[in-house]
Amino acid sequence: MGNQAGSPRKKKAEHGGNFEGGGSEDACSSKLVRGMFDLHLIGHHGLPSQPSRICYVPMLGLLVVATGYQQLKVYGEDGLEVYLPLREDKGDGTSSFSAGATPTFLDYTNSGKLVLVMSDSAVQVIDLANLQEGKDVVVAALPSSWTTSRITALETIRHHKDTPFFYVALDDGSVQVVQESTCHFASYAIYPDDVGLAPSADSCFVSAMASSPADPNHLLLAYEGSDVVYVWDLVKQRVAFQTSHILNQTQPASTVQSLAWHASGKRFAVGFASGSVAVCRSDKHQLAVYPTLVSSTTSSPTSSTGGIQRLHWLTTHASSPGALVCSVGSHVVVWFPPRDAQKGPKEALTELSSSSCFPWQTCVLPSHNHANVMDMAVASTVVPASGSSAAPFTAIVLAGNPLDGIKPSVAMHVLPCLVAHAHTPNELWQWIVPPSPTTSTTSTASSFPVSTTTHQLQASDVVAMQVLDLHTADAGAFRDELFAAQPILLEESNDMDDHTRVENPPLHDERSTTAMAAAWVPPLTGGSVTVSHPPPLPSTMLPAADCKRLLSITSMDDNDDNDIINGEDSSIYLHRHTKRTTWVVTAHADSRVKIWESHPPVDGASRGQMGLLHVLRVKPVLQDPISYVWFGPSRRLLVVGTSTGEVGFFTFDSDSGFSFVFSLHVHSGAITLLAVPKSDYPDDGQLDVAVADAFGVVCIVHVASQTYKLVIFDLALDTDDDEETGGPVESLVMDRSLLFVGRGDGHVQVYDVATAALVLTCRGATTGDGNGDHVTKMLLMDQGGRERGPVEVLSAVQMASQPKCRAGDERGDGGKDDEAAAAADVVVVDTVTQALVDDLLGKFPSPPPTTNSHKHVTVCVEAGPLGIFLVDDVTDRAVLRGFVPDDPNAQLQQAAGIVPGSTLVRVNGVDVRRLNKADVVAVVSSLSGVAKTVSYAPDHTSTDAHARPYIVCAVGRSIKVFAVPTDRWSHESQPKPDNSVVQVDVEADVGLRAPVVSMAISAIPVEGRMEQALVVVDQSGVVYVLALPTLHFIWSAPCPSDFSAGYAFDHAHVHVNASGSVLLGTPFGDLAEYSILAPSMWAEVNVLQWTTVKTALVSARRASVEDESKENIDRVVEKKGSSRFFKQLFAPKEVDLNTVFVVPSVEEDQRKQLMGDRRQVKDPTKTEDGQAKVSGTMDALQQASQNLHLRGDKLSGLEEKTERLKNRADEFYATMKAFNDKEAKKKWYQL
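Residues in the sequence shown are numbered consecutively from 1, following full-length UniProt numbering.
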């Protein structure tokens, strides 16, 4: 999309890529340049779509979730969450991995790296430590083109250091050995005929593998369609042990789905697709089979459970019997030995592998959302030699079923087991499970699942979202109040949707549950999140002469009226030079409203975090689903719209939190739009809220009187009669007493808020051509390009629940010094007047005032009438129209500076803003016989400096800027609407690729000043930066497709905030945050932020804790058992797999690639027989070289074995000599 050849903007459009217009014809004075911008991810909140595999990395204390499109989500301590996109694009715009591939396997190695296998057989090795160093986290990879086979199983060597290999099983039956650091294949491989299986036409591939935790030389193998398990000896390259056909005697053969070793390396457990479980002791060839264990445990058919999906043998050391943990259907099943004083750990293990009936007890934990378990990991956070009891075991479950309408989610289930004196001879495991109601040994326990903080974002569908751009001038007092009033998050995480509730929840002992919760050791202890407050604004951005003045404005409780700094209003100056912060308000399908605080990252190696501040459940008073939400922090007001046209109002108090005020059923359709004027204009308590529904009906709600009036009530149906109806209502903006409505015909209508009357319709030569261009978005700005009215400023004066009033200003003198103002800092409220007002208000209590009372004008009048005239058409409040001539009270009010257009807000100190005009007249008439004080709020809209707003209007694929001709009427008298269509002059316009979905005005620091820019996102997913007010193109870039549905830009929520960030909410519920600023701009931008975070996935503190824990375990184990010396004496030496798995030299491969093929050019005269001879000779030489290399390895191994045998013989001789000497010295009575 470009301009025509003859367009004067062609050159500028060429620089804009997909950009059409070029802004106004005036020269652009903006200092913004293309190099300042770069679209990149700075934070992700929630679980990405299509999660399928999870992995807990114990040496890092991190939880990793693998999702679709080659994505990883990492969770750690203190709410740490980091999103890692792993797909790498080629230079031609394509990717080396399949677009539709999903994760099939995810596991960790002994060095803390991750191995990810996709469904297209692509393999990636990920090192999370590289992220904080600014390096690529993918250290090695195999593209999907490396093989035509499918990977059926993955096994890493997790328990032995210095073994950088992992096993990959293919559907051709082979098991390949891959080097971890390079993804190069070793010459070692295992084929079906090696284990005695004949390759057949049917599937003959490995279905499960498990590497021994005690001896890396042993590898368990199980094949598809077979119930036989093989123990493969890697050094001898043969089967060391194999089970017989386990299930032949009871039922047909079933595929092995999961294998789990005991820590001793002598026993292993087998889980079958049929639900059967077998336990085998390989050194003594013992085997016990329990065929109906799962069906009897879960009381559900095997076909519905899917058999044993994940099997873990949970132990603390080799002598502990531990417990078996597996996932079966929608349950987590735990088998543990019964507590018997007559039997020890050794007897419990012996019974498990030799008994005819299952000897252990069973505990069943339902999944947190009662959906099938997709994947499970077990975390153990045992503290060695600790005397206090702790609950160190956690089952981390990924459960969900999109086909049943249950989104996959992750939760941590605390296993009901307390461990004391871990890794000592006195180690004690105590399982806290309720007694079974029958004679069965199976019990159903409550696991009180715990979710991550951002799980609250996806606990229910996000139906509405608001992004707040706040400027804070204090230490976050309101934030602390919101968080202090927050309910317990654990209860919120356990509160499920109605369709996932259980009618009869399992019984459990409350005291036991409380004890487990107190003793639980959270497994997510890795990483770090450091929240910091940037230093004060530098002198280049804040003039030194104004620092003291600005400090006084932001810190004192009662500021002066009409402060001027650098020639501009203090509120505007305060808006520019205070710290920024971003809040996100989300409304959910479960009738909850949640308020979040977003923290931007401090550098490129960190990721932004989002913390939950408050949760409000509105369903007790609003029964219908939420469709829209708006929150004003400075007003402490929350407005919620429902799908049936009801609007509810809530106010916040630091003591009681949010409280319901009132609700109005103003529409019949769902509330889709809501407009509220900026909190600064005017601050007299006369708050009006414009509301629009899905049918295009617009009304204005007057909060003080709890009434509303219709503005637009012509239903905008899908007809061809748009010229009469104006088309549907697409956008609303309110500015003081004016309401701007964007219509479907491309016109902007202006209404008077007080009378709800149409004043004029703005139409320009290019604002609407009648071809269906809707006004989708509107913004108000001033002549300099700044946003019309500053955003919410959270200062100390606005944080006070009861703002103080200065008596000097109330009387209109305004010249009292600070001592006099502090002495008269109390508003006297008359009890008789208060009783009259309360009687008129009825059951609704009067909310705390949210205005700056020092801006009011107060005057004392004598007994009798006030001597004023009120505006007739305004019925929701008392607006002054004029004064009675020669009336003494009228003269007193005129002398005090009260002018027509002011609103009567107080009588004898009592707030009357919630009363309508008739009620105010009734109160004043009741008090006509006595003297009284009255307070007026002046009409701020009569100021010429604020009387001419500029509208930034998105019409179809264009953005236009024009000034509203507000001088067509005078605010000093009642407006006289003429319903005329005004031809406005479009001062700047520009064309985009697609219609606009979101836009915002952003202030960007450049060379000590704030440059205004318009950030726009269109429906094609392209982000634009335009200079204001000229709309000159600066930069554009497409949004990444990581969070798109396929290749389309399809997001449920798209928002742009004033800090230059783009927030994208997907239908799955997760939220991605992108920054448009290049890393070179971060230093200047971070100074403007109230808080920033520095994140690290691998912390030095975590590494030191892991090393200390391992040292304690080794120290304790060395003290256990006097016979350990003899066991170590005759135990085989641990195999070094680096000598078994031979990987071709990387240097040799690189040398060949660098030098190329240096062979001579073939002579065409040579015969094919000569070539065959040369080829045969080369093959013979290669085979001889391999045999020689293998012989050298065998000789080297024999030499090592001989040396080891000699050393052991010497040790045995010394031991026996010491023993004989000791026996010889014994006396006759010692024999």
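From the three backbone atoms N, C-alpha and C, an ideal C-beta is built for every residue, glycine too.
- Annotation: the continuous alpha helix (DSSP H) that includes E1084 extends over 1082-1088.
- In the three-state scheme derived from DSSP, where H, G and I count as helix and E and B as strand, D227 is classed as coil.
- A Cβ-Cβ contact shorter than 8 Å links S591 with L622.
- Put simply, of W146, H774, V333, V1062 the residue whose alpha carbon is nearest the alpha carbon of G307 is V333.
- In this model, M610 and H599 are separated by some 6 Å (Cα to Cα).
- Excluding five sequence positions before and after T642, the CB atoms of its chain that fall closer than 7 Å to its own CB belong to L622, D624, P625, I626, S627, I671, given in chain order.
- Ranked by Cα distance from F740, the options A754, P728, T761, G727 are led by T761.
- Per DSSP, the unbroken beta strand (DSSP E) holding L780 starts and ends at 775-781.
- By the criterion of a C-beta distance shorter than 7 Å, D830 is surrounded in its chain by N908, G909, V910, once the five residues flanking it on both sides are discounted.
- The residue from Q894, R788, D873 with its alpha-carbon nearest to that of G867 is Q894.
- Judged by their CB atoms, S1059 and D162 are not nearer to each other than the 8 Å cut-off.
- In the displayed model, D461 falls within coil according to three-state DSSP, outside both helix and strand.
- In chain order, Y191, P192, P199, C204, F205 place their CB closer than 7 Å to the CB of G173, counting only its own chain and leaving out the 5 sequence neighbours on each side.
- Counting along the chain, the unbroken alpha helix (DSSP H) around F483 starts and ends at 477-484.
- According to the DSSP assignment, Q894 belongs to the alpha helix (DSSP H) that extends over 888-895.
- Put simply, of Q1019, L1026, K777 the residue whose alpha carbon is nearest the alpha carbon of C953 is K777.
- For a cut-off of 8 Å, the C-beta gap from A391 to T316 is around 13 Å, too long to register as a contact.
- Between the segment 884-899 and the segment 859-876, the count of C-beta pairs closer than 8 Å reaches three or more; the two stretches touch.
- For G641, DSSP records a beta bridge to Y628, V647.
- Note on geometry: alpha-carbon atoms of L287 and Q242 lie some 11 Å from one another.
- By alpha-carbon distance to V661, the top candidate from V676, V640, S668, K678 is V640.
- If one requires a minimum length of 4 residues, no alpha helix (DSSP H) run lies completely within the segment 52-87.
- Rounded to whole angstroms, the gap between the alpha carbons of A518 and Q430 is 15 Å.
- Judged by beta-carbon spacing, K917 lies within the 8 Å limit of L870, meaning their Cβ atoms are closer than that value.
- Cβ contact annotation for I1004 (same chain, cutoff 6 Å, sequence separation greater than five): E1011, A1013, in chain order.
- Rounded to whole angstroms, R788 and L732 show a C-alpha spacing of 14 Å.
- Comparing alpha carbon positions, the residue from S226, G742, S274, D283 closest to H218 is D283.
- Around the Cβ of D127, a 10 Å sphere holds 16 or more other Cβ atoms; the residue is buried.
- One alpha carbon belongs to L418, the other to K346, and they sit about 20 Å apart.
- Rounded to whole angstroms, the separation of the alpha carbons of S1036 and R993 is 11 Å.
- Assigned with DSSP and collapsed to three states, R310 falls in strand.
- Between the segment 102-115 and the segment 43-59 there are three or more inter-stretch CB-CB distances shorter than 8 Å, so the stretches are counted as touching.
- Residue environment: P1144 is assigned as exposed (fewer than 16 neighbouring CB atoms within 10 Å of its CB, all protein chains considered).
- For T362, the uninterrupted beta strand (DSSP E) run begins and ends at 361-366, by DSSP.
- The C-beta separation of K932 from V984 comes to about 47 Å, leaving the pair out of contact by the 8 Å criterion.
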